[in-house]
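Remarks on the structure that follows.
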Amino acid sequence: MKDSIIEVSYALKIFPEIFKDFDELEPIDILRKLAQRFGLPIKIGEKKGKFIYKSKININDDDETPIVEDKNRRGHSFIQPKWVKMFKNRRIMICSLAFCIDLTRYKAWSHGLELNYLKEVQQALKSIKI
34 MKDSIIEVSY ALKIFPEIFK DFDELEPIDI LRKLAQRFGL PIKIGEKKGK FIYKSKININ
94 DDDETPIVED KNRRGHSFIQ PKWVKMFKNR RIMICSLAFC IDLTRYKAWS HGLELNYLKE
154 VQQALKSIKI
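Numbering-wise (our numbering), the sequence shown opens with residue 34 and increments by one.
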């Protein structure tokens, strides 16, 4: 990929301890499980969930609600990437991927894990005699 530019839109540090079967999971399955555990509900058309993947969604012309509806944020920080395509007739939308991760909850959980790592390192250093 000489002279190519790669743009990273989102990046999360995901600890293997988050799931028992982490090493056996495909990346999309890791993301799905992360959204199930730390996700916030989203709504695209009539489709609701924390993780929407490869979905064809019918849109009702009479529906005045937003196509993408966000709820339950509780003042937390979050990321909410969406990859959707609306067709010209506005009756069908293809959602390749959409999810919402509650960063406040995820950071609190991962901070606790990092503190445990730090304690383990400190204990290991104490046991080393120089």
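Cβ atoms here follow ideal geometry from the backbone N, Cα and C, with glycine treated the same way.
So for residue i, helix, strand or coil by DSSP?
i: Leu130; result: strand
i: Ile47; result: coil
What residue range is occupied by the uninterrupted alpha helix (DSSP H) comprising residue i?
i: Phe71; result: 60-71
Would you kindly report the start and end of the unbroken beta strand (DSSP E) that includes residue i?
i: Val41; result: Taken as a continuous stretch (DSSP letters only), Val41 belongs to no beta strand (DSSP E), as it is neither H nor E.
i: Gly82; result: 80-82
i: Ile77; result: 75-77
Rounded to the nearest angstrom, what separates residue i and residue j at their Cα positions?
i: Ile61; j: Phe84; result: 10 Å
i: Leu158; j: His144; result: 21 Å
i: Asp54; j: Leu73; result: 23 Å
i: Ile63; j: Tyr43; result: 15 Å
i: Lys66; j: Glu57; result: 13 Å
i: Ile161; j: Lys115; result: 49 Å
i: Ile39; j: Asn93; result: 37 Å
Measure the Cβ-Cβ separation of residue i and residue j and say whether it is below 8 Å.
i: Cys133; j: Val117; result: no
i: Gly82; j: Asn91; result: no
Might you give, ordered along the chain, the residues of its own chain that have their beta carbon closer than 7 Å to the beta carbon of residue i, omitting 5 neighbours on each side?
i: Lys89; result: Ile125, Ile127
Who are the near neighbours of residue i in its chain, counting only those whose CB is closer than 8 Å to its CB and skipping five residues on each side?
i: Phe52; result: Leu58, Ile63, Lys66
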